[in-house]
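Here's the structure, in structure tokens; my notes come after.
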Amino acid sequence: MIAGKYFSIGKNIPSGGFSLDSIVTGARLRKKSNGANMCGIVGLFLKDKQMQPELGALLTDMLVTMSDRGPDSAGIAVYREAAKRCSKITVQSANPTADFADLQRDFDVDVDVEVIDTHAILTVPSDAVTEVLTQVEHKHPGLRLMSRGGAIEIYKEVGLPQSVADRFNIPELSGSHGIGHTRMATESAVTTLGAHPFSTGADQCLVHNGSLSNHNRLRRQLARQGTQVQTENDTEVAAAYLTHRMEKGDNLGEALEAGLNDLDGFYTFVVGTKNGFGVLRDPIACKPAVLAETDQYVAFGSEYRALVNLPGIAHANVWEPEPATVYFWSH
Amino acid sequence: MQQLDLETQSLRDVNATLQAQEAQTNQTKWEILNPKGAHAIACGLDSEIDVTVQGATGYYCGGMNKHATIRVAGSVGPGVCENMMSGKVVVEGDASQYAGATGHGGLLVIKGNASSRCGISMKGIDIVVHGNIGHMSAFMAQSGSLVVCGDAGDALGDSIYEAQLFVRGSVASLGADCIEKEMRPEHMAKLAELLSAAECDADPSEFRRYGSARQLYNFDIDNAGAY
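In order, the protein sequence lines correspond to chains A and B.
Sequential numbering of the first sequence, starting at 1363, is according to this note's numbering.
Sequential numbering of the second sequence, starting at 6, is according to this note's numbering.
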């Protein structure tokens, strides 16, 4: 177990960016506000394996508490280990009845399909993931890839957290860690694909409160280097950026550190990997964040409100993560 | 002691009850149970009542306070006692960003740490932080005093007007137009008074004073061409 602050970056405050325009006015303040961009984030990383059956229920309660921070769409990433030598692919469809009907028979390899509302979890032999993904792309162009990996499952839809949690039975899910997001959209349309979490690499996911201002240029740069994204969304570009860095050899901490220089804008990020859980705020740190840690778990909330029903929270170490500082825990 | 419970009463009812207390009320002691990080607890109070919040609060606790004394037995979210006019707010734990923002008067005491933008655009409020404060604190601070017993983050007092800043520990960096200033006897006396009111036993002689160089906000004829 690696615990606590991973490493700290110097706090160089960029000029010009500031969002407290409701309380500060004046010619000397150059505003760069994207409006009342809220969004709610929750995250739970369990140290105590006995808590794993409760993961979905705890995360759901946390996310529902954050509903008024973002009414547009909601999503949850849950990490639970697949069977030995198997990987999971989560796909989503706008027409699940038609698209999922014959899905199982359409693959050349043995694929187990579990349909949950608009999503389907395909459990495939780990060495056949690329083959199955190619077959999905060719035979089922209507399916959208949510995630792939040895542990990750992503469920996201338009609507409030409670309705999304109910549709996908999130409270019933067990797992080692999970991240939830409820969105108030600013940078791209209110669609399933625009909902968070975003996953651009195996077992990786990212949620974001804020807005990036250089995502178009970064999207083009990544495309030139062979990394494509599916949407016009700024957060997906940040996720793809981190994936790109990690493919080049960075670990998550190093990729996040590099992001401090390359990602311009406002952000509180919470990131998941197969075994890890990370938090990063931009140097201005306008977007709220609260961390809590006990012997049993590490929890993240956009507000303390999200954490109040966690077991032992009254005696947890609760703090606000520092700006421009990478926090990372792993199993 | 009158009790209000946010587990069973709505926030609106709790605040309306407190706001309805007349200046001459004999029900001066109040306690709020189960705050659970809720927003805007004990906002808009305008009588000399004494309110204790038993736990952590969310955004804007004690906002616009006038006359009341509010004590939070926990930590507070962003914007505690934003735009306070008078009275006293004491936070036993930590405070999130922009504590005491735009406050016109009264005293805010934070016994833990305060994060970024503490005292931003303060206009007469006094703020005493027993711990550290984050970056961009006292940004565009116009009047009042900010006392920090620990360390201050980057860009302290950026674009400051006439507020007075007292810091005992280190200052990561000073913002534009903020400079260290001489600590004269009248400043020492003022600081001692604030520390005493803030239940803090720090020694005033260990503090340094910072304030405006007054180079930024005055019109300078040499810059006429820029307008």
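The beta-carbon is built from N, C-alpha and C at its ideal position, and this holds for glycine as well.
Residue range 1448-1454 is occupied by the beta strand (DSSP E) that includes T1452/A, with no alpha helix (DSSP H) assigned at that position. DSSP places T1485/A in the uninterrupted beta strand (DSSP E) bounded by 1481-1487. D131/B is bridged by DSSP to L112/B, S150/B. When C-beta distances to chain A are compared with 7 Å, every residue of the stretch 204-222 of chain B stays at or above that value. Scanning chain B for C-beta atoms nearer than 7 Å to the C-beta of Y1659/A yields nothing, as the closest lies near 18 Å away. Distance from the CA of P1487/A to the CA of S1449/A, rounded to the nearest whole angstrom, comes to 6 Å. Taking the C-beta atoms as reference points, N1576/A is found nearer than 7 Å to D1626/A. DSSP lists Y1441/A as the beta-bridge partner residues of I1514/A.
Of the candidates Y1441/A, R1607/A, G1537/A, R1607/A places its Cα closest to the Cα of G1621/A. Within the same chain, Cβ atoms closer than 8 Å to the Cβ of K186/B are found at R214, Y215, G216, the five residues on either side in sequence being excluded.
In this structure, G68/B is the residue among G42/B, V172/B, I226/B, G68/B with its C-alpha nearest to the C-alpha of S91/B. When DSSP assignments are scanned along the stretch 42-124 of chain B, the uninterrupted stretches of beta strand (DSSP E) that are 3 or more residues long and fall wholly within it turn out to be 55-58, 74-77, 93-96, 112-115. For R1667/A, the nearest beta carbon of chain B is closer than 7 Å to its own beta carbon. H135/B is a Cβ neighbour of C154/B, given a cutoff of 7 Å.
Minimum Cα-Cα distance from A1460/A among the listed residues E1416/A, D1479/A, D1474/A, E1684/A corresponds to D1479/A. Y1517/A sits buried, since 16 or more C-beta atoms from the chains shown fall within 10 Å of its C-beta. Annotation: T1544/A to F212/B spans about 45 Å, alpha carbon to alpha carbon. Nearest in C-alpha terms to G1537/A, of all of A1686/A, A1668/A, L1653/A, N1637/A, is N1637/A.
For the stretch 1554-1582 of chain A, there are no residues whose beta carbon sits under 8 Å from a beta carbon of chain B.
When the beta-carbon positions are compared, V1652/A and Y1666/A come within less than 7 Å of each other. Three or more beta-carbon pairs separated by less than 8 Å link the stretch 1510-1527 of chain A to the stretch 1430-1442 of chain A, which places the two stretches in contact.
Rounded to the nearest whole angstrom, the CA to CA distance from E1609/A to H1558/A is 22 Å. S126/B and H140/B do not touch by the CB rule: their CB atoms are close to 15 Å apart, not below 8 Å. Sorting V1660/A, N1623/A, T1656/A by C-alpha distance to the C-alpha of G1640/A places V1660/A at the top. In this structure R1581/A is in contact with V1591/A, their Cβ atoms being roughly 6 Å apart against a cut-off of 8 Å. For Y1603/A, the enclosing alpha helix (DSSP H) stretches over residues 1596-1609. Distances from the alpha-carbon of G1663/A to those of M193/B, R173/B, G63/B put G63/B closest.
A check of alpha carbon separations from T1492/A across E1443/A, N1613/A, F1469/A, D1644/A identifies F1469/A as the nearest. Using a Cβ-Cβ cut-off of 7 Å, A1647/A counts as an interface residue toward chain B, since at least one Cβ of chain B sits closer than that to its own. The residues A1602, H1606, in chain order, have a CB closer than 6 Å to that of T1589/A in the same chain once the five nearest residues on each side in sequence are set aside. Shown here, G158/B sits in coil according to DSSP, grouped into three states, outside any helix or strand.
Contact note: P1685/A reaches chain B through S121, G139, H140, using a C-beta cutoff of 8 Å and chain order. DSSP places Q1466/A in the helix class (H, G or I) of the three-state scheme. DSSP lists N1571/A, R1643/A as the bridge partner or partners of T1630/A. With fewer than 16 other CB atoms across the displayed protein chains lying within 10 angstroms of its CB, S201/B is exposed. The bridge partners DSSP lists for R1586/A come to none.
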